[in-house]
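Shown next, in structure tokens, is the structure this report addresses.
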Amino acid sequence: KQWYQRRVAITAGEHILVEFYAPWCGHCKALAPEYAAAAKILADEGSAVKLGKCDATEHKSIGGRFGVKGYPTLKFFVNGKEKEYNGGRKSPDIVSWLKKKTGDPCKVVSTKDEVDAEVASAHFAVVGAFKDRASEAGAVYTAAASDTDGVVFMVTDNDDLMKEFGLEDGGIVAVRDFADEELRVVMEGDKTAESLGTFISANRLPSVVEFSDETAPMIFGGDIKSHFLIFGDNEHEAHADLMAVFRKVSKGSAGKLVHVYVNSGKADNGRILEFFGIKKEDGQVTRIIQLGEGVDKYAPDFTDLTEENLAKFASDYLSGNLKKHLNSEEIPEDWDALPVKVLVGKNFEAVAFDETKDVLVEFYAPWCGHCKQLTPIWDELGEKYKDHESIVIAKMDSTANEVADVTVKGFPTLKFFPKESGKKVVDYSGGRTLEDFVAFLDGDHDAEAEDDKADEDDADHDEL
């Protein structure tokens, strides 16, 4: 009955945004006031768009039906048909995204005050001057507005406003309020879908953007997937000088790299520091990452963040001359003293890819709730096989260690490394009771079939 009621709720309205959440999830708690504020804004405006939420830990069948694998997950339903929500997580971003998907994606403006108000709220906006929006150029602009999330597109045919921004009919300008940056950038050349997308990508962020919950969707959701990061404490005496150097370096790779500063002195950034294996005490540190199926990391061979070193680091990366960096702790002296073997980056290959052993590995995070729930079962499993001649039970802290041949997307991730398989990696997606693991290890399991089941995961893991 509950599923039927929720299904009716989703299909009854023309446009409904649904948040699938977990009560214990910190990101969900942070989203809650923004989500409620967005709902109120839309309600006050008389919008037909509705916002709803579903506790996916209580209603697992609903979360499973819609492919929920992390929290919070937002899905947009149009007449019952689901679409991914990929906008920001602040109330203005949510409202803007929904309005773009349900009406005219462009806001019609006629005064500078209207433009200034949008820029003050969003920090970046685009203004297009079109006497005829049905023109070819106008259609390209409108389509880009509909397809581009997180950017406010305005349109005008007002002569005074066009003059204010130095625009002719068909002209486009980016308007920003970034400190120490050019406030207006007029688009040059032909106005095609590709060139407009490139123009927006190159100008929607400051030359150096500080990482935060607000900027994260713009950083990770943009078209540029190579990011040049510097970690440092805002209170460091050399902070201002380093930022000036970094901004100067960024000019040489604008449009190719997103340049990001991470304040290591900010408590909220503890998770991202952990991901990179960086501590606040390390001082000013740099990395480059490439986003793809996973995250490839590149570390420099220098510690002095001079203009010359940083510029060469970027150049070497763009030229393909850098090797990937993999985090690893030192091998513990007692790594094999207990039934569950402790793996780190430096001993992983020797243990997991031992051609004489079947090895089942848990990739975990110390803070992960599901990992903690699995620990007593995993320890019992290790105890059962501690004297087995060809089965090894192991674990690896994936917040501090990385392996080239293994991609970890959530915690805990379980992978099986069968013996005599030529370094085959199998995603384990079976049950998580002791009996389930024993049946898998002792049975004539079909590794290929098990690997295929990975895409049918039941979402019983934490977010990265």
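In the numbering used here, the protein residues as written are -1 to 462.
Heads up, the beta-carbon is just placed ideally off N, CA and C, and yes, glycines get one too.
{"Query": "Would a C-beta distance cut-off of 9 Å place isoleucine 217 and valine 206 closer than the cut-off?", "Result": "no"}
{"Query": "So which of Phe351, Leu432, Ile391 has the shortest CA-CA distance to lysine 421?", "Result": "Phe351"}
{"Query": "Please list the terminal residues of the continuous alpha helix (DSSP H) segment that includes leucine 271.", "Result": "268 to 274"}
{"Query": "Using only the alpha-carbon positions, how far apart do methionine 160 and aspartate 130 sit?", "Result": "14 Å"}
{"Query": "Please report how far the alpha carbon of glutamate 17 lies from the alpha carbon of proline 416, in whole angstroms.", "Result": "39 Å"}
{"Query": "Quick check: the Cα distance between valine 545 and arginine 202, rounded to an integer number of angstroms?", "Result": "There is no way to answer for residue 545, as the model of the chain reaches only from -1 to 462."}
{"Query": "In whole angstroms, what separates the C-alpha of glutamate 446 from that of lysine 413?", "Result": "For glutamate 446, the predicted model reports a pLDDT of 48, less than 50, meaning its position is unreliable and no value from the coordinates is stated."}
{"Query": "Pick out whichever of Trp22, His234, Lys88, Val423 has its Cα sitting closest to the Cα of alanine 34.", "Result": "Lys88"}
{"Query": "Short check: CB of aspartate 175 to CB of alanine 214, under 9 Å?", "Result": "no"}
{"Query": "Could you tell me the distance, in whole angstroms, from the CA atom of leucine 227 to the CA atom of aspartate 178?", "Result": "19 Å"}
{"Query": "From tyrosine 426 to valine 173, what distance separates their C-alpha atoms?", "Result": "50 Å"}
{"Query": "Is the distance from the Cβ of valine 150 to the Cβ of valine 183 below 9 Å?", "Result": "no"}
{"Query": "Would you mind sorting leucine 336 into buried or exposed? The rule is 16 or more other CB atoms within 10 Å of its CB.", "Result": "exposed"}
{"Query": "Whole angstroms is fine: what's the gap from lysine 110's alpha carbon to asparagine 156's?", "Result": "10 Å"}
{"Query": "With a threshold of 8 Å, are at least 3 pairs of Cβ atoms found where one atom belongs to the region 239 to 251 and the other to the region 293 to 307?", "Result": "yes"}
{"Query": "Using 8 Å for Cβ pairs, my map puts glutamate 291 next to glycine 263. What's the rounded Cβ distance?", "Result": "Contact flag wrong, Cβ pair sits at about 32 Å."}
{"Query": "If I measure Cβ to Cβ from isoleucine 198 and keep anything under 8 Å in the same chain, skipping five residues before and after, which residues do I get?", "Result": "Val124, Ala142, Thr146, Val149, Ala172"}
{"Query": "Pick out whichever of Asn325, Glu381, Asp356 has its Cα sitting closest to the Cα of valine 424.", "Result": "Asp356"}
{"Query": "Go ahead and label arginine 285 buried or exposed: buried means 16 or more other beta carbons lie within 10 angstroms of its beta carbon, across all protein chains shown.", "Result": "buried"}
{"Query": "Between the C-alpha atoms of arginine 269 and alanine 236, what's the straight-line distance to the nearest angstrom?", "Result": "24 Å"}
{"Query": "Among the residues of its own chain, which have a CB less than 7 Å from the CB of threonine 405, if the five just before and after it don't count?", "Result": "Glu291, Gly292"}
{"Query": "Using alpha carbons as the reference points, say which of Lys382, Ala392, Pro70 lies closest to alanine 437.", "Result": "Lys382"}
{"Query": "Short of 6 Å in beta carbon distance, which residues of its chain neighbour valine 283, apart from the five on each side in sequence? Order them along the chain.", "Result": "Phe229, Ile276"}
{"Query": "Please classify leucine 336: does DSSP put it in a helix, a strand, or coil?", "Result": "coil"}
{"Query": "So, helix, strand or coil for glutamate 433, using DSSP?", "Result": "helix"}
{"Query": "What would DSSP say about histidine 13, mapped onto helix, strand or coil?", "Result": "strand"}
{"Query": "Apart from the five residues just before and just after serine 144, which ones in its own chain have a Cβ nearer than 7 Å to its Cβ?", "Result": "Lys98, Pro103"}
{"Query": "Compare the Cα-Cα distances from alanine 200 to each of Glu212, Met152, Lys249, Lys189 and report the closest residue.", "Result": "Lys249"}
{"Query": "Should phenylalanine 300 go down as buried or exposed, given a rule of 16 or more other Cβ atoms within 10 Å for buried?", "Result": "exposed"}
{"Query": "Mind checking isoleucine 14: buried by the 16 CB within 10 Å criterion, or exposed?", "Result": "buried"}
{"Query": "What does the alpha-carbon distance come out to for the pair lysine 295 and asparagine 399?", "Result": "12 Å"}
{"Query": "So what does DSSP say about serine 388, is it helix, strand or coil?", "Result": "coil"}
{"Query": "Are there 16 or more other CB atoms within 10 angstroms of the CB of leucine 165, so buried, or fewer, so exposed?", "Result": "buried"}
{"Query": "On the CB-based measure, 16 or more other CB atoms within 10 Å of its CB, does glycine 429 come out buried or exposed?", "Result": "exposed"}
{"Query": "Which residue marks the beginning of the alpha helix (DSSP H) containing histidine 25, and which one marks its end?", "Result": "24 to 42"}
{"Query": "What do you reckon, is the C-beta of leucine 341 under 8 Å from a heavy atom of the ligand SAM?", "Result": "No copy of the ligand SAM appears in this structure; indeed no ligand is present at all."}
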